[in-house]
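Only one structure is covered here, and it is reproduced in the block below.
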Ligand SMILES: Nc1ncnc2c1ncn2[C@@H]1O[C@H](COP(=O)(O)OP(=O)(O)OP(=O)(O)O)[C@@H](O)[C@H]1O
Ligand SMILES: [Mg+2]
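Numbering (our numbering), first residue to last: 92 to 354.
As structure tokens, this is what we get:
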């Protein structure tokens, strides 16, 4: 039991969150093991993003606690939570459209540097990215290469194909060297063929980086192929938490999630 707990990287206990009459989270209890790849499913308004918002500090639960790596992070601000290694993407890619792919990476890294509030400089005068002992340029190039985005580096973000936009948005979540990545619909708005490519890339990069991933996904083919574990939300509650082969045939999941999915 003690060993099992040690392997937990995230433990959300008794989370509740209401917006007026709407209950967006009702007694959510989720424990996530290190290095796992977890799919979050549920229809529109089920509470998936609310859960991500609470874990990342963008929303405070009305009650409940969130423990990350043995530390209570419930009261912390998003910036401090990011600094500890919990990073996220948003449902809508947060890119600077007028900047190039490379410049977007550099802005992301500059924010990391700013949040760290410390760090040194190389003799060239370039700042060192904390924890990586490399220059901003070197880290930006490295992350772009890991996502096969190098050939797009000089392109303006606004003219990128949809799948590349999504990949760049995910690549930007890696700037802070996350230990947990929360990806809110990483494959939305792209073709079915592209979804698999994006997820394969994410799995490869995240495995190399030793991070744990929670991803929101509406496409059950993607979920069954990539998730090791599925957490299904309905009306702010977790209605199923099981491996995909169990969760995706669970009667409640079929009724409240799969059967009522948006197109
Ligand atoms: N800031 C907010 N203010 C008021 N209501 C909110 C707020 N955020 C979420 N809600 C409500 O909480 C419920 C859960 O929303 P949430 O965004 O978590 O759903 P979701 O599962 O991410 O849905 P989707 O698949 O559409 O992204 C919804 O009824 C939503 O309208
Ligand atoms: Mg959402």
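All C-beta atoms in this analysis are idealised placements derived from N, C-alpha and C, irrespective of residue type, glycine included.
CB of residue i within 8 angstroms of CB of residue j, strictly
i: residue 342; j: residue 260; result: no
i: residue 189; j: residue 247; result: yes
i: residue 358; j: residue 129; result: It is not possible to answer for residue 358, since the shown part of the chain is limited to 92 through 354.
i: residue 123; j: residue 101; result: yes
Per DSSP, cross-strand counterpart(s) of residue i
i: residue 278; result: Its beta-bridge partners do not exist; DSSP assigns none.
i: residue 218; result: 212
i: residue 193; result: Answer by DSSP bridge pairing: none, since residue 193 is not bridged.
i: residue 102; result: 122 and 158
i: residue 271; result: 177 and 303
i: residue 116; result: 108
i: residue 163; result: 158
i: residue 247; result: 191
Buried versus exposed, by CB contacts within 10 Å (16 or more), residue i
i: residue 112; result: exposed
i: residue 187; result: exposed
i: residue 276; result: buried
i: residue 238; result: buried
i: residue 324; result: buried
i: residue 217; result: exposed
i: residue 327; result: buried
i: residue 339; result: buried
i: residue 162; result: exposed
i: residue 143; result: buried
Chain D within 8 angstroms of residue i, Cβ atoms only
i: residue 244; result: No chain D appears in this structure, which consists of one protein chain only.
First through last residue of the beta strand (DSSP E) which encompasses residue i
i: residue 177; result: 177-180
Residue i - containing alpha helix (DSSP H), residue span
i: residue 236; result: 227-237
i: residue 342; result: 342-347
i: residue 183; result: Per DSSP, residue 183 belongs to no alpha helix (DSSP H) and is neither H nor E.
* Report the residue ranges of all alpha helix (DSSP H) runs contained in full by the segment 288-339; include only those spanning at least 4 residues, in chain order. => 311-317 and 335-338
* To do: Could you pull out every unbroken beta strand (DSSP E) segment of at least 3 residues lying fully inside the segment 122-157, listed in chain order?
  => 128-132
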